[in-house]
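Novice: Sharing a structure with you now.
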DNA sequence: TAAACACTGAACCATATGGTTCAGTGTTTG
DNA sequence: CAAACACTGAACCATATGGTTCAGTGTTTA
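Chains as they are written, first to last, in this note's numbering: chain A, 5 to 122; chain B, 5 to 122.
Spelled out as structure tokens, the structure:
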């Protein structure tokens with residue numbers, strides 16, 4: 005519950021901050037795939053795809069196993085629990101503060117005019 | 005619903021991939037704050053904090069207004085809806101694939117032994 | 001066993017990040 | 001009006017990202 009520092013969150017959010025990697029997760033959700041087939045799907049070199057997979061692996065979102073010459077990728081055990089929790093928790097803050105948006109200025113200018121009136 | 009490309013998601017997830025910025029959101033959820041006070045809270049130079057705020061602003065997670073010499077920051081209208089939706093959608097994929105983790109190898113080795121048997 | 005295949009690693013490149021310092025600009029405030 | 005204040009912008013730095021090519025290594029397969 006208490007989340008001091010949280011490098012896992014850093015890694016996971018960073019991994020999700022790329023459309024290709026989100027696409028990979030999407031793809032792996034429909035079954036595992038080799039690096040070659042992923043590279044083909046996303047029109048990228050093998051090496052480029054391997055880097056993306058490494059990022060996802062470091063974040064715990066993807067696991068891979070090499071059998072023979074093929075490395076097969078699948079979704080990781082870690083899931084997106086922690087990320088979902090952080091977002092849900094903070095989504096409420098946004099909703100609560102929703103109307104504060106336009107009020108920031110008027111509040112402050114209120115204070116200013118009070119000050120100048122004193 | 006259909007999310008082709010989604011640069012907003014890129015920006016938001018990238019913004020969340022930093023503990024300091026998550027801390028800023030946390031802080032702004034309890035009321036708006038000036039850049040100076042945020043810089044003080046997070047023990048950082050003004051310029052450094054301003055950059056973080058810019059990242060959050062580009063992602064639409066924070067809004068700022070300058071009144072006089074003070075720029076006040078608050079949570080943005082955008083919220084975390086799209087991010088929550090993406091994560092919730094894909095969280096299910098992880099759960100569904102949960103047991104596939106250890107099965108990847110055995111499945112493939114099964115195929116291999118079938119092949120060698122034929 | 002030679003060729004094709006799947007991956008791996010090193011090196012390179014352009015750009016972004018996360019931070020700093022320093023030198024402004026514009027706003028209060030004494 | 002001068003000093004202090006809050007921010008802004010430019011420049012710099014080290015490291016990371018997202019991609020490439022090229023040259024391996026190890027595995028199948030014909």
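We put the CB at the ideal spot given by N, CA and C, even for glycine.
Would you check if the region 78 to 94 of chain B and the region 27 to 46 of chain B touch, i.e. whether three or more CB-CB distances between them fall below 8 Å?
Specialist: Cβ pair count under 8 Å is three or more, so yes.
Novice: Using 10 angstroms around the beta-carbon of residue 84 of chain A, count the other beta-carbons present and answer buried if the total reaches 16, otherwise exposed.
Specialist: Burial call: buried.
Novice: When you compare each of A:21, A:27, A:37 and A:28 to residue 75 of chain A by their alpha carbons, which one comes out closest?
Specialist: With distances taken between Cα atoms, residue 75 of chain A lies closest to A:37.
Novice: Based on DSSP bridge pairs, tell me the residues matched to residue 79 of chain A.
Specialist: Bridge partners of residue 79 of chain A: A:66.
Novice: Taking DSSP as the reference, what is the three-state secondary structure of residue 21 of chain A?
Specialist: Residue state, collapsed to three classes: coil.
Novice: Taking residue 56 of chain A as the reference, give the member of A:12, A:16, A:101 and A:11 with the closest Cα.
Specialist: Cα-wise, what sits closest to residue 56 of chain A is A:16.
Novice: If I measure Cβ to Cβ from residue 27 of chain A and keep anything under 7 Å in the same chain, skipping five residues before and after, which residues do I get?
Specialist: Cβ within range, chain order: 46.
Novice: Name, please, each residue of chain B whose Cβ falls closer than 8 Å to the Cβ of residue 33 of chain A.
Specialist: Under the 8 Å cutoff, chain B gives 94, 97, 98, 100 and 101.
Novice: What residue range does the alpha helix (DSSP H) around residue 95 of chain B cover?
Specialist: It spans 85 to 100 - the alpha helix (DSSP H) in which residue 95 of chain B sits, taken as one unbroken run.
Novice: Compare the beta carbon distance of residue 51 of chain B and residue 61 of chain B with 9 Å and say whether it is the shorter of the two.
Specialist: No, these two residues do not count as a Cβ contact at 9 Å.
Novice: Which residues share a DSSP beta bridge with residue 37 of chain A?
Specialist: Its beta-bridge partners are A:77.
Novice: Under 9 Å between beta-carbons, which chain A residues line up against residue 28 of chain B? List them in chain order, please.
Specialist: Those do not exist, as residue 28 of chain B stays about 11 Å from chain A at its closest Cβ, beyond 9 Å.
Novice: Closer than 9 Å, CB to CB, is residue 14 of chain B near chain A or not?
Specialist: By this cut-off, residue 14 of chain B is an interface position.
Novice: To the nearest angstrom, report how far apart residue 40 of chain B and residue 24 of chain B are at their CA atoms.
Specialist: Rounded to whole angstroms, residue 40 of chain B to residue 24 of chain B spans 15 Å at the Cα level.
Novice: To the nearest angstrom, how far is it from the Cα of residue 44 of chain B to the Cα of residue 72 of chain A?
Specialist: Computed Cα separation, rounded: 55 Å.
Novice: Would you grab the beta carbon distance between residue 95 of chain A and residue 88 of chain B for me? Rounded to a whole angstrom, and I think it's under 8 Å.
Specialist: Contact flag correct, Cβ pair sits at about 6 Å.
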